[in-house]
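Each residue of the sequence shown is one higher than the one before, counting from 0 in numbering that gives the first Met the number 0.
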Amino acid sequence: MLRKLENYHRPEKLDDALRLLDECGAGARILAGGTAVMAGKNNEIKTLIDIKNTGLDKVSKRKNGVEAGAAVTIAGLLESPEIKKYCGGLVYEAAYHIASTPLRNMITLGGNITQVFPWSDLPAALLACGAELTVAGPGGVRKLLYADAVKKHPTQMIAKNEIVTGVNFPELPGYVGKFTKFSKTSFDFALLDACVAVKIKNGMFEDARFAVSAAGTLPQLLNESAALLKGVKTTDSKAVSNAVQKAVSETVFTGDKRVSVEYKKQILPVLIERLIDAAIKQNEGADAK
Ligand SMILES: Cc1cc2nc3c(=O)[nH]c(=O)nc-3n(C[C@H](O)[C@H](O)[C@H](O)COP(=O)(O)OP(=O)(O)OC[C@H]3O[C@@H](n4cnc5c(N)ncnc54)[C@H](O)[C@@H]3O)c2cc1C
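Laid out in structure tokens, this is it:
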């Protein structure tokens, strides 16, 4: 566990963190919440660059949505009124289901979505709402759609000398998002995570997005099945069921020692159907107000 660690830096400016990361080369790592860095063997790490003092811990409303700094803790996300109301509470719900209170006080948004484990809860929510990362490096700042960041593992899409500085949750007017985590206990890692974000107008789905985590090794956006809901009446149970079944065939599953692929295939349609129902009900409630 960090047996080769020689240096610890806690810069107060992002530019200093970027310079140190670049200068220190292959043995340098960003330290955010530390819950993965400290837990793994990580014998290749010689230098840790702690980004918690670099001002990346704010959540704010912007013209184009909600902007959250990468070093915001999960507890910080949960305290944000902007996150609470964003997309009907989609990101809030995913954050709420991460681990335990002490861990939510440590784990950061950036760490959770960069060092993605199969069970990581926030990635599916980011996919369902079309979130975009801001990534800073020696060459400047670039934007990276989260859906592109998880085409491979995000650590392969973000260079070793780059830092994710924040996440933009785009404006999604009229959308209702729902998240569910299926796990053995409320504290345990997810066996399956599912998210649904829908826009309903005049009793019809105008748009729909489905995303899952823990089904396979990486989070997945299920575009083909979600597209089957577009233009469908919310009361058309056959068409809804078609989209749900397609979500199962579209998902890439891997089993693990806790749960078989067959079991996940039986659970996923139940979760997605429940989320769609809940979104319809929440939308009806909003319409009635
Ligand atoms: C007992 C336990 C239970 C857990 N349960 C859950 C759970 O139920 N659901 C869940 O989603 N998570 C859970 N987690 C958390 C998850 O497994 C990771 O440990 C966590 O998401 C890592 O975030 P962090 O901020 O602690 O990152 P760190 O450990 O600080 O960093 C992890 C890696 O990401 C890199 N990194 C971090 N931030 C950035 C950035 N801004 N830019 C570029 N690279 C960066 C670091 O360099 C490092 O390589 C649990 C963790 C523990 C220990």
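The beta-carbon is built from N, C-alpha and C at its ideal position, and this holds for glycine as well.
Compute the distance between the beta-carbons of C291 and L89, then report whether it is under 8 Å.
There is simply no residue 291 to check, as the chain begins at 0 and stops at 288 in what is shown.
Using C-beta distances below 6 Å, list every residue in its chain close to V247, excluding the 5 sequence neighbours before and after it, in chain order.
Hits under 6 Å: K264, L267 and P268.
Span of the alpha helix (DSSP H), counted from its first residue to its last, around V243:
S236 to E249
Does any heavy atom of ligand 1 sit closer than 7 Å to the C-beta of N52?
Answer for N52: no, Cβ out of range of ligand 1.
Please report the straight-line C-alpha distance between K62 and K3, rounded to a whole angstrom.
45 Å
For the stretch 75–82 and the stretch 142–150, state whether three or more C-beta atom pairs, one from each stretch, are separated by less than 8 Å.
no
Closest by CA to G176, which one among K83, W118 and K51?
K83
What are the complete alpha helix (DSSP H) segments, minimum 4 residues, inside the stretch 93–167?
100–103, 108–113, 121–127, 145–148 and 153–156
So, do the stretch 51–68 and the stretch 156–175 have three or more beta carbon pairs nearer to each other than 8 Å?
The stretch 51–68 is in contact with the stretch 156–175.
Under 8 Å between the Cβ atoms of Q219 and T154?
No Cβ-Cβ contact shorter than 8 Å links Q219 with T154.
Looking at the secondary structure, which residues open and close the beta strand (DSSP E) in which S212 lies?
M203 to S212
Taking 7 Å as the cut-off, does the CB of R9 come closer than this to any heavy atom belonging to ligand 1?
no
Less than 8 Å between the CB atoms is what I'm expecting for V243 and E272, so what's the real figure, rounded?
5 Å
Where S224 and Y145 are concerned, what is the direct C-alpha to C-alpha distance, given to the nearest angstrom?
19 Å
Give the DSSP-derived three-state secondary structure of G39 in the structure shown.
coil
Can you tell me which of A214, G202 and A196 puts its alpha carbon nearest to the alpha carbon of R208?
For R208, the nearest C-alpha among the options comes from A196.
Excluding five sequence neighbours on each side, which residues of the same chain lie with their C-beta closer than 6 Å to the C-beta of A124?
Excluding the 5 residues flanking it on each side, A124 has same chain C-beta neighbours closer than 6 Å at L89, V90, A93, F178 and C194, in chain order.
Any heavy atom of ligand 2 closer than 7 Å to the CB of Q281?
The model on display carries ligand 1 but not ligand 2.
Using the C-alpha atoms, what's the distance from K198 back to I106?
31 Å
Considering only the alpha carbon of each residue, which of D120, A158, E170 and M156 lies closest to S185?
Looking at the Cα atoms, D120 is the closest of the given residues.
Excluding the five sequence neighbours on either side, which residues of its own chain have a C-beta within less than 6 Å of the C-beta of S212, listed in chain order?
P122, A123, D192 and P218
How many Å lie between V71 and T133 at the Cα?
14 Å
Are the CB atoms of L289 and F168 nearer to each other than 8 Å?
There is no way to answer for residue 289, as the model of the chain reaches only from 0 to 288.
First and last residue of the uninterrupted alpha helix (DSSP H) at C23
L13 to C23
Quick one: measure Cβ to Cβ for I48 and L19, integer angstroms, because I've assumed they're closer than 8 Å.
5 Å
In the DSSP assignment, what are the bridge partners of S182?
In the DSSP output, where bridge partners are listed per residue, S182 has none listed.
Would you kindly report the start and end of the unbroken alpha helix (DSSP H) that includes G75?
I73 to E78
When the Cα of K245 is compared with those of A210, L171 and G75, which residue comes out closest?
A210
Less than 8 Å between the beta carbons of L190 and R257, yes or no?
yes
Taking 7 Å as the line, does the beta carbon of I162 fall inside it for any heavy atom of ligand 1?
Yes; taking the cut-off as 7 Å, the Cβ of I162 has a heavy atom of ligand 1 nearer than that.
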